[in-house]
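Structure first, commentary second.
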Amino acid sequence: MDYILFNGKMVAAGDFNPAGHWLKPHFSLKEKMWFANGQIPFFPDHIRNIEEILALAGKTWPAEIPPQKELVRLSLRLINKNKAFMAGWLSLELLFSPRKSSFLATVERHPSRIFPFVQQGKTAILSPFPKFSGNPFSRHFFYAAHLWETEEFGRESDETAEPLFLNEKGMLTEAAGANVFLIKKNSFLTPSAGTGCIISTIRERILWSAGETGFLVAESDRITPEQMLDSDEIMLASEERGFLWISGIENRRFVKSNAMAIWKHVCKTCFPRVS
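Pasting the structure below:
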């Protein structure tokens with residue numbers, strides 16, 4: 243990353259000194275989104291996420307933050323300025339202050355235009371920390387991130403394993419930064435919003451793609467650990483992390499037979515390549 247965008251201005255990363263802004267009291271929201279082929283396909287979804295959080299908090303869009311159309315224009319300029327011509331992720335952070343709000347954007351390059359699928363399977367563990375289902379903020383990444391970070395900080399073993407979180411009722415909710423999808427024969431199952439799980443921007447597209455590829459799609463607020471372990475495949479996915487598959491939990495092993503087909507359908511329909 244060579245340049246950042248701060249309050250509408252391009253600044254060389256080495257020259258940026260945010261201390262004065264970060265030391266002031268503020269509340270921040272960050273959205274991380276995929277871009278490729280000169281497009282940021284889910285930018286409107288991320289703006290809606292921010293607007294929903296503000297509405298829940300009884301706040302409105304700050305006058306100092308440009309509207310969506312201008313933020314898109316500035317973000318595409320930043321991507322070009324950083325010569326991220328293949329693809330990558332744009333992080334947009336809004337810093338809210340009673341006196342004056344600010345915004346910051348950064349770019350993370352990716353070497354391919356294809357939305358990522360991590361080919362190497364990962365093991366998973368059940369986190370001892372519950373995700374509470376009753377809070378309306380639970381579906382948003384910014385709120386759940388503290389739980390994920392605490393889990394990682396407190397873990398003493400299996401540092402590379404993916405933590406899977408249950409809610410206070412002992413039902414499956416999410417992974418750290420990704421939704422969870424279970425495949426059993428021709429059924430495709432994911433925790434419903436009622437579990438308190440995060441709702442990634444690509445979650446609905448994945449469910450639609452699973453249906454289009456022949457699966458019976460369902461959402462449930464009562465997926466037990468035992469039901470999860472009885473799956474044939476377990477897939478994790480979000481716009482922020484791409485697609486991952488779980489190779490095992492404890493002594494149980496899982497396959498990777500159908501996840502690739504769903505990923506390919508999502509890529510074809512949500513992230514079309516420009517020839």
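Here my numbering = 1-based position in the sequence shown + 242.
Glycine included, each C-beta is placed from N, C-alpha and C at the ideal position.
Option in the options with minimal Cα separation from residue i
i, options, result
"residue 485", "493, 386, 364 and 338", "364"
"residue 306", "458, 342 and 489", "342"
"residue 377", "436, 455 and 297", "436"
"residue 510", "332, 358, 473 and 457", "358"
"residue 421", "258, 325, 483 and 254", "483"
"residue 501", "476, 321 and 513", "476"
"residue 346", "274, 283 and 371", "274"
"residue 280", "325, 253, 256 and 492", "325"
"residue 310", "323, 282, 321 and 297", "282"
"residue 426", "472, 285 and 256", "472"
"residue 458", "424, 332 and 445", "424"
"residue 440", "255, 375 and 392", "375"
"residue 419", "294, 494 and 389", "389"
"residue 481", "414, 332, 474 and 318", "332"
Rounded straight-line distance, which links the Cα of residue j to that of residue i
i, j, result
"residue 518", "residue 431", "Outside the displayed span of the chain (243 to 517) sits residue 518, for which this structure offers no information."
"residue 245", "residue 353", "18 Å"
"residue 417", "residue 337", "26 Å"
"residue 464", "residue 356", "34 Å"
"residue 287", "residue 409", "26 Å"
"residue 292", "residue 271", "7 Å"
"residue 506", "residue 278", "16 Å"
"residue 516", "residue 328", "Confidence at residue 516 is low in this model, with a pLDDT of 48, below 50, so its placement is unreliable and no value can be given for it."
"residue 411", "residue 443", "25 Å"
"residue 296", "residue 289", "11 Å"
"residue 269", "residue 335", "10 Å"
"residue 285", "residue 247", "16 Å"
"residue 322", "residue 251", "14 Å"
"residue 253", "residue 320", "10 Å"
"residue 466", "residue 479", "20 Å"
"residue 369", "residue 362", "22 Å"
"residue 344", "residue 512", "31 Å"
"residue 460", "residue 493", "27 Å"
"residue 317", "residue 469", "43 Å"
Cβ separation of residue i and residue j, assumed to be a contact under 8 Å, to the nearest whole Å
i, j, result
"residue 488", "residue 448", "With 8 Å as the limit, residue 488 and residue 448 do not qualify as a contact, their Cβ atoms being about 15 Å apart."
"residue 360", "residue 451", "Incorrect: roughly 18 Å between the Cβ atoms, too far for contact."
"residue 395", "residue 373", "With a Cβ gap of about 16 Å, residue 395 and residue 373 do not count as contacting."
"residue 330", "residue 351", "4 Å"
"residue 491", "residue 366", "5 Å"
"residue 428", "residue 456", "7 Å"
"residue 499", "residue 462", "That belief does not hold up - the Cβ atoms of residue 499 and residue 462 are roughly 22 Å apart, past 8 Å."
"residue 371", "residue 392", "6 Å"
Any non-hydrogen atom of the ligand MG within 6 Å of residue i CB
i, result
"residue 422", "The ligand MG is absent from the structure shown, which contains no ligand whatsoever."
Ignoring anything shorter than 3 residues or poking outside the stretch 269 to 324, list the beta strand (DSSP E) runs there in chain order. If only uninterrupted beta strand (DSSP E) runs of at least 3 residues are considered, those enclosed by the stretch 269 to 324 are 269 to 278.
Give, in chain order, every unbroken run of the beta strand (DSSP E) that is at least 3 residues long and sits entirely within the stretch 474 to 507. Segments of the beta strand (DSSP E) lying fully in the stretch 474 to 507: 475 to 480 and 484 to 491.
Any contact between the stretch 300 to 315 and the stretch 374 to 393? By contact I mean 3 or more CB pairs, one from each, below 8 Å. They do not touch, by the three-pair rule.
If we require 4 or more residues per run, which alpha helix (DSSP H) segments fall completely within the stretch 425 to 462? Segments of the alpha helix (DSSP H) lying fully in the stretch 425 to 462: 445 to 454.
What are the uninterrupted segments assigned as beta strand (DSSP E) that are 3 or more residues long and contained completely in the stretch 345 to 369, given in chain order? Contiguous beta strand (DSSP E) elements confined to the stretch 345 to 369 occur at 364 to 368, taking only those with 3 or more residues.
Run through the stretch 368 to 426 for me and flag every whole alpha helix (DSSP H) of 4 or more residues, listed as ranges in chain order. Counting whole runs of 4 or more residues, the stretch 368 to 426 contains the alpha helix (DSSP H) stretches 383 to 396.
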